[in-house]
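Quick note on numbering: this note's numbering labels position 59 of the sequence shown as 421, and the sequence is numbered without any gaps.
One structure below.
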Amino acid sequence: MESGSPYNYRVAAENDTGEGEYSELHDIWTLPSEPDSFDVAEVTTTEITAHWSSAVRGEEGYVFLVNGEETEQLPTGSTEYTITSLTAGTTYKLGIKAVNRSGSGAVKILSVTTLPEAPVVVEDPRGGSSPLDRITLSMIGF
Numbered sequence: 363m364e365s366g367s368p369y370n371y372r373v374a375a376e377n378d379t380g381e382g383e384y385s386e387l388h389d390i391w392t393l394p395s396e397p398d399s400f401d402v403a404e405v406t407t408t409e410i411t412a413h414w415s416s417a418v419r420g421e422e423g424y425v426f427l428v429n430g431e432e433t434e435q436l437p438t439g440s441t442e443y444t445i446t447s448l449t450a451g452t453t454y455k456l457g458i459k460a461v462n463r464s465g466s467g468a469v470k471i472l473s474v475t476t477l478p479e480a481p482v483v484v485e486d487p488r489g490g491s492s493p494l495d496r497i498t499l500s501m502i503g504f
């Protein structure tokens, strides 16, 4: 059997007294396979854009997951999704799975860390525009 493909079945029950009547099952789909080449296209401090190489055979859409929680239903043929409103410098586990009328295929998972915030600029306490050649930091009370 091939992933994401329709099949027709003919089934009957059988016991010690014989075989029962056949029932016909039409257009039963196997589960889709997992998406190929799930990777990161772009990362910022608050957004991650992930993509996968091509549509999965027999998919009727996708489900996107962030840290194990289903966050978005994507339409058939999708190959990219951007997660927004994230926290800078935080690691997220992203997942994608293809779905069809029979259920969902295996989840492909990727771990990605958003970029950190820009560093704080320390200005010269002496004034002026000359750059500092060193900074001394002291921890008090620890």
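Even glycine gets a Cβ: it sits at the ideal position worked out from N, Cα and C.
Residues that residue i bridges to, as DSSP identifies them
i	result
H413	D401, E442
P368	W391
E376	E381
Residue i, DSSP secondary structure in three states
i	result
T408	coil
E396	coil
V418	coil
Any non-hydrogen atom of the ligand ZN within 8 Å of residue i CB
i	result
D401	The ligand content of the structure shown is nil, which means the ligand ZN is not present either.
Counted within 10 angstroms of its Cβ, other Cβ atoms place residue i as buried (16 or more) or exposed
i	result
S440	buried
K455	exposed
V402	exposed
T379	exposed
A450	exposed
G457	buried
A508	Coverage of the chain is limited to positions 363 through 504, which leaves residue 508 absent and any answer about it impossible.
Contacting residues, own chain, Cβ-Cβ under 6 Å from residue i (five flanking each side not counted)
i	result
T392	M363, S365, S367
E396	G467, A468, K470
S415	D398, S399
L387	Y371
Y369	I390
T475	T453
Nonlocal neighbours in the same chain, by C-beta distance under 7 Å from residue i, ignoring five residues either side
i	result
E421	G366, P394, T438, A460, V461, N462
E429	Note that residue 429 is Asn in the sequence shown, not Glu. Excluding sequence neighbours, N429 sits near Y454, K455.
Cut-off 8 Å between Cβ atoms - residues of its own chain near residue i, not counting five sequence neighbours on either side
i	result
S385	R372, V373, A374
In the region 444-482, which residue ranges form an unbroken beta strand (DSSP E) of at least 3 residues, counting only runs that do not cross its ends?
Runs found: 453-462, 470-475.
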